[in-house]
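Residue numbering for the sequence shown follows the working numbering, starting at 169 and increasing by one per position.
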Amino acid sequence: MRPVLLDTSVYINAWRAGEEADSIKKGLSPYTPVWLSAVVLEELYAGTSRSDRHVIERLERDFGRVGRILVPTLRDWTRAGQVLAQLAAGYGYERIGQQRLTNDALIAMSAARQGITIMTANERDFARLARFRPFPYQVT
Numbered sequence: 169m170r171p172v173l174l175d176t177s178v179y180i181n182a183w184r185a186g187e188e189a190d191s192i193k194k195g196l197s198p199y200t201p202v203w204l205s206a207v208v209l210e211e212l213y214a215g216t217s218r219s220d221r222h223v224i225e226r227l228e229r230d231f232g233r234v235g236r237i238l239v240p241t242l243r244d245w246t247r248a249g250q251v252l253a254q255l256a257a258g259y260g261y262e263r264i265g266q267q268r269l270t271n272d273a274l275i276a277m278s279a280a281r282q283g284i285t286i287m288t289a290n291e292r293d294f295a296r297l298a299r300f301r302p303f304p305y306q307v308t
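Structure, rendered in C-alpha cells:
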C-alpha cells in the first residue's frame with residue numbers, strides 16, 4: 169500500500185461536515201500508512217480557535233508517536249521555489265499567487281520525496297504544481 173498524506177483541505181472539509189479526525193480515513197484500507205505534513209499541521213493550528221486547539225494537538229501527538237510527521241527538507245524548499253518560479257512563468261502568476269501556493273508546493277515536494285500520495289480537495293492548485301514536478305495526488 170502506498171502511504172497517503174491528507175491535505176489541509178481534507179481535514180477542514182471533514183470537520184465542517186461534523187466528522188472526527190479518525191473518520192476522515194474511513195475510505196482508506198486499514199493497512200494504508202497515513203502521514204501528517206508539518207505544513208498541514210501549521211495550517212491547521214493557524215486556522216483553529218483556542219477552544220478547538222485540542223483536536224490539532226491530539227493529531228500532532230498521535231502522528232508524532234508513530235513517527236509519521238513529514239517535515240520539508242532544504243531540498244524540498246528549493247524544489248518548491250523552483251516549481252513556483254516555473255508556475256509563475258507558465259501562468260503569469262504574480263508574487264501574491266506564488267505566495268498562496270507556497271505551502272501546497274512544500275507539501276507536494278516533501279510528499280514526492282517520500283513517495284506519498286496526497287489526498288486533497290484542492291485539485292486546481294495541486295494539478296498545476298504537478299505539471300512542473302510530477303507527484304501522486306488524489307482528489308477527494
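From the three backbone atoms N, C-alpha and C, an ideal C-beta is built for every residue, glycine too.
### Query
Cα-Cα, which of G249, I224 and L297 is closest to Y259?
Taking the sequence shown and counting its residues from 1, one reaches residue 259 at position 91. Measuring from the Cα of Y259, the nearest candidate turns out to be L297.
### Query
Using the C-alpha atoms, what's the distance from R292 back to R299?
As a working note, residue 299 is residue 131 in the sequence shown. As a working note, residue 292 is residue 124 in the sequence shown. If you take the alpha carbons of R299 and R292, they lie about 11 Å apart.
### Query
Hey, out of L173, R268 and Y305, whose CA is closest to F231's CA?
Within the sequence shown, the letter at position 63 stands for residue 231. Of the candidates L173, R268 and Y305, the one whose C-alpha sits nearest the C-alpha of F231 is L173.
### Query
What are the start and end residues of each continuous alpha helix (DSSP H) run of 4 or more residues lying completely inside the segment 183-215, in chain order?
206-215
### Message
For the alpha helix (DSSP H) containing V172, name the first residue and the last one.
### Response
Locating residue 172 in the sequence shown gives position 4, counting from the first residue. First-last for V172: V172 to L174, but that is the beta strand (DSSP E), not the alpha helix (DSSP H).
### Query
Can you tell me the Cα-Cα spacing of Y199 and G235, whole angstroms?
By 1-based counting over the sequence shown, the position of residue 199 is 31. By 1-based counting over the sequence shown, the position of residue 235 is 67. Approximately 16 Å, taken between the alpha carbons.
#### Entry: Per DSSP, cross-strand counterpart(s) of I237
On the sequence shown, residue 237 is found 69 positions in, with the first residue counted as 1. BP columns for I237 point to L204.
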